[in-house]
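All remarks here apply to the structure that follows.
In my numbering, the protein residues as written are -10 to 770.
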């Protein structure tokens, strides 16, 4: 049975107490659990079962986290992660570096150092090898490297300016741009952690595999031997398997029976193809490449409610995209079925012409309307219009969804604005400074609000009370310094974004972080909502595409980085790592990762510029993300009124936002009226998001994704709950970890990350011409 936290003081140990541990509170300790004594589940595993069986309620506050060993490994993996995330930014499918991959490598290095470096007496011996590589060191390394392994949104500006504006900013200025945009979201999310981290409703499902793996790797219980072997076998198996679909037999990226049956139909390619970037919707295709099945967001950890909503959205996406294109809405047939670039009015069916933005946008970053009158306004592919329209609906639906289903968490998020709470903080500060001799009231308004919120906190939060929390002013300093650096950057880089535009960007970023940070914590879905932020920036500063890019950087990146911090804080909460240690690791990793992101991006752009500018790309490299960012900056930033006002060509893009506010209401009412019918499993913002999910990238993995997800979360969780809580998240970690290691090796060895690619000899599994899944490929592609 999992040992319960005890209130008794542990026996003295010969380890210095970390300054992160509070002195007035007794440290909570437990022995290593042994699952042989653990009660077996006789019914489907609940969320509480997952939180207490997959990750056990145990902690030892005396374990050191910050050691020479953890810092050395953490810095090394931060460099590694910064390089790898720079590679993944230019992949045809959205791929992130799983924290589990970082954790696997960290474990191997930590164990090697603890076993190979001799243990000697004296300060030098204790410094180099303080003993076995412990779970707190491991978690600290993982958080540092994970912060470095997220592609900085500033890479979009670096790539866009290089590929489309022929501009290359000073390296130091670019570095400060990346750092300021990365840390701005940290400051905001840190101030909101009582809403986005502490509550049990904020599950952050992506953390469950990594925490489960850490617990298994460091457990010395006899019952852990079999799970560890399972992890090792799966990790090694997927490691060697990935060589086949990634290089030897790319056909396995997407096996389409329909395309094999009919290789001459463009319609079949659009609907059933999907093994290459922007090829098709991937209906009924089977993917055998875990890199694209998972993409860093494994199907094995999404809750069933999220998978159901995702599935409804994907089914609707296939119907909607096909119907709009073949109905020729927005002159859809004049442009590619899936594309992110912007096109000219002179395009015809089968001969799409890209809009000449070089002629329309001057060197000062402003639109030349005289040139635009000659060129005509830019146009989107229908799939891109739907992507922007449905994203706007998703944002509005998410606001309504949170208000209806999570009012307590939302109230906690804005509680810092309460005058009573502000007054309580002022009184507390003046008391500490000696201005007032009165002690704080036992039941202050602040304490009352905190107690009410704590009723919703997850059980691991209680163990974190043994450590000193990070003061709010630490995050406030990060926020203020980041904003100050950003102010310098926007003027020194000739961004054409004024100071007040930066202020509005920060406010917009905060509001979206509150809504979509919470939604990601609940559902595990990483919402991509950049389009509406660029639309807001366009209406605020029309005629300035470059200003729109920087507005998006300091607004949308706030959301991305804020959710990253919240996710890592939850990772630390599940692993019981001191908050101040987490803060330090996060900041160090971010600085290191941003620098190597920049170096890697420059290298890939230098070597693959032509492919990155092409509409199709390849199954290895793609500029689709940069193309979409640039297209939306040009259209939203340059022509918001001409393209999106009422009466214009794309008027329903902003109008759809109003409809989105009402979409969750029928499902909420139906659940209140018929609570047993499962309407609470329907998450309308997730449905809206996945209704446009197939608008870019490799889509052949979608069917396999849902097959794996429902097998784990529906069948296994309901019928074999003990196997589920013991192995599901562990296998997920092994699959992501082994895949990422091999992809990293192949990227540099043969796929062209730093030099010309080395192609595998052509044969039926790696065809020389056409799409790799044998779908029809038109001569114009």
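All residues carry an ideal CB built from backbone N, CA and C; glycine is no exception.
Quick caveat: nothing in here was measured; it's all calculated off a predicted structure.
- Taking the CA atoms as reference points, residue 538 sits about 17 Å from residue 349.
- If you draw a straight line from the Cα of residue 352 to the Cα of residue 341, it comes to about 26 Å.
- Distance from the CA atom of residue 263 to the CA atom of residue 688, rounded to whole angstroms, is 5 Å.
- Rounded to the nearest whole angstrom, the C-alpha separation of residue 236 and residue 748 is 8 Å.
- For residue 222, the number of other beta carbons within 10 angstroms of its own is below 16, and it is reported as exposed.
- Not a single unbroken stretch of the beta strand (DSSP E) spanning 3 or more residues falls wholly within the segment 602 to 653.
- With respect to residue 137, residue 581 sits close: the two C-beta atoms are nearer than 8 Å.
- The beta carbons of residue 132 and residue 574 sit closer together than 8 Å.
- In the DSSP assignment, residue 703 falls outside any alpha helix (DSSP H) and carries neither an H nor an E.
- Taking 8 Å as the upper bound for CB-CB distance, residue 508 and residue 516 are in contact here, some 6 Å apart.
- DSSP places residue 235 outside any alpha helix (DSSP H), giving it a letter other than H or E.
- Excluding the 5 residues flanking it on each side, residue 643 has same chain C-beta neighbours closer than 6 Å at 633, in chain order.
- In the three-state reduction of the DSSP assignment, residue 330 falls in the coil class.
- Residue 89 is classed as buried because its beta carbon has at least 16 other beta carbons within 10 Å across all chains shown.
- When DSSP states are grouped into helix, strand and coil, residue 350 belongs to the strand group.
- For residue 358, the enclosing alpha helix (DSSP H) begins and ends at 358 to 364.
- Listed as beta-bridge partners of residue 337 by DSSP are 340.
- The straight-line gap separating the alpha-carbon atoms of residue 647 and residue 388 is approximately 12 Å.
- In this structure, residue 475 lies away from residue 158, with their beta-carbon atoms at least 8 Å apart.
- Looking at the DSSP output, residue 152 bridges to nothing.
- By alpha-carbon distance to residue 656, the top candidate from 645, 674, 640 is 674.
- For residue 205, the enclosing alpha helix (DSSP H) begins and ends at 196 to 207.
- In the structure shown, residue 309 falls within a helical segment according to DSSP collapsed to helix, strand and coil.
- Taking every protein chain shown into account, the CB of residue 204 has 16 or more other CB atoms within 10 angstroms, so this residue is buried.
- The Cβ atoms of residue 726 and residue 229 do not sit closer than 8 Å to each other.
- For residue 550, the enclosing alpha helix (DSSP H) stretches over residues 534 to 564.
- Per DSSP, residue 125 is one residue of the alpha helix (DSSP H) stretching across 124 to 137.
- In the DSSP assignment, residue 666 falls outside any alpha helix (DSSP H), carrying neither H nor E.
- Between the segment 107 to 120 and the segment 62 to 76, the count of C-beta pairs closer than 8 Å stays below three; the two stretches do not touch.
- The alpha-carbon separation between residue 692 and residue 472 amounts to approximately 43 Å.
- DSSP places residue 164 in the uninterrupted alpha helix (DSSP H) bounded by 160 to 180.
- CA-CA distance, residue 531 to residue 371, rounds to 23 Å.
- The beta carbon of residue 174 sits closer than 6 Å to those of 547, 550, 551, all from its chain and outside the five residues before and after it, given in chain order.
- By the Cβ-count criterion, residue 201 is buried, with 16 or more other Cβ atoms from all chains shown falling within 10 Å of its own Cβ.
- Listed in chain order, the non-local C-beta contacts of residue 80 below 7 Å within the same chain comprise 611, local neighbours out to five positions each way being set aside.
- In terms of Cβ geometry, residue 260 and residue 266 do not form a close pair [threshold 8 Å].
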